[in-house]
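**Q** Going by the working numbering, the first residue of the sequence shown is number 528, and it counts up by one from there.
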Amino acid sequence: MLAIEGHKISKSYRGQDFALRDIDLHVKQGECYGVLGRNGAGKSTLIKILSTQLPKSAGTVSILGMAINKPGRIRGKINIVNGGEHGLYPWLSGYETLDYFYHLYRMKEVSRKRHIEHLLTLVGLEPNCWHRPTHKYSKGMKQRLHIARGLVNHPEVVFMDEPTIGLDVEGVESTRQLIKDICGLGKTIVLTSHNIIDIERSCNNIQIIDQGISKGCFNLSDLAEQYSAVLHVRVDASQISAVEQLLGAGSILEIAPCSSSCVTIKIATGQSSVFSLLEALHRSQVCIAHYTVENCSLEHFYLSQVS
């Protein structure tokens, strides 16, 4: 069953400046779904629409089978976690922060203390920090509290918008592990990031967005199999169009001149497909002067989609 389904989601301002255009989204229940893109790509706009904070201009969206145009029904079943230091009250302690949001959600008083202590423990905040004002927390501790706050109302879907931004290496790694742990509890997570490693470590399926437009949805396991290598071929510059016609623009990462008449073309492919690709180029009358093979990463693939 799909936790989130969206078709042709668009957001424009003044009817002409598009922040998002025709985004499709299919997120399964219990998965961590990644939205990858550079700063300003439209990731936060998408999250705000999905979390009912911002009205869409066009398209349809359903969360847990409910249309997004009835936000009152949806908001009790979702929550959002932002990155950075905004959204916390500096003179409230971690415990008081969760207690405040607990009452905002009008949850049962009988389980309040137990639930708050469970969340603080779940996110790895030590008991000696629970009653310390949050302005004395480190950035990593604040992010843990943000995540705990995002779980106060027992949400089925959690939106995480750049949750590792501004953290040091240790804080980033602990946040990634925490995201995995929360997903393991059966929560559906939509994670946005411009950090490729965040997405690679946490997600099963991803969508790449650039300048408000989807570059496609991809399964990371399939990508690892299909785009695990980069083939560098040196050919005559006159044969560029033949290579492009055979492969399509999506597989070509870069075309760089190496002399007045030759270019080196970087091609994303699978390790098992290198030699069949070389044979296909040969059959297409592409004369290869030299080739090398290097291991590929999600970063190579991402750059091929947005460049």
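C-beta atoms are modelled at their ideal positions from N, C-alpha and C, and glycine is treated no differently.
1. Please determine if the stretch 550-567 and the stretch 724-732 are in contact, where contact requires at least 3 C-beta pairs separated by less than 8 angstroms.
2. Buried or exposed, going by whether 16 or more other CB atoms sit within 10 Å of the CB of G775?
3. H658 to V699, Cα distance in whole Å?
4. Identify, in the order they occur along the chain, each residue of the same chain with its Cβ nearer than 6 angstroms to the Cβ of I740, setting aside the five sequence neighbours on each side.
5. Considering I595, what are the terminal residues of the beta strand (DSSP E) in which it resides?
6. Are K538 and T579 touching if we call contact CB-CB under 8 angstroms?
7. Tell me the rounded alpha-carbon separation between L678 and R639.
8. Provide the residue(s) that pair with K555 in DSSP beta bridges, ordered along the chain.
9. For N757, which residues of its own chain have a beta-carbon under 8 angstroms away from its beta-carbon, when the five flanking residues on both sides are left out?
10. On a CA-only basis, which of L631, G743 and A816 is nearest V790? Give me that one, please.
11. Alpha helix (DSSP H) containing K640: first to last residue?
12. Identify, in the order they occur along the chain, each residue of the same chain with its Cβ nearer than 8 angstroms to the Cβ of P660, setting aside the five sequence neighbours on each side.
13. What are the boundary residues of the alpha helix (DSSP H) that includes M668?
14. Can you tell which of S831, L773, L747 and V833 has the C-alpha that lies nearest to the C-alpha of E806?
15. Which residues mark the beginning and the end of the alpha helix (DSSP H) in which V760 is found?
16. Just to confirm, is the Cβ distance from H534 to G586 under 8 angstroms?
17. With distances taken Cα to Cα, identify the nearest neighbour of C710 among V801, H721 and H681.
**A** Let me spell this out:
1. yes
2. exposed
3. 24 angstroms
4. R548
5. Element bounds for I595: n/a, residue is neither H nor E.
6. no
7. 13 angstroms
8. L529
9. Per the sequence shown, the amino acid found at residue 757 is Val instead of Asn. Around V757: L780, K793, I794, A795, T796, V820, E821, N822, C823 and H827.
10. A816
11. R639 to L649
12. P617, W618, L619 and S620
13. K666 to R676
14. L773
15. Taken as a continuous stretch (DSSP letters only), V760 belongs to no alpha helix (DSSP H), being part of the beta strand (DSSP E) at A756 to D763.
16. yes
17. H681
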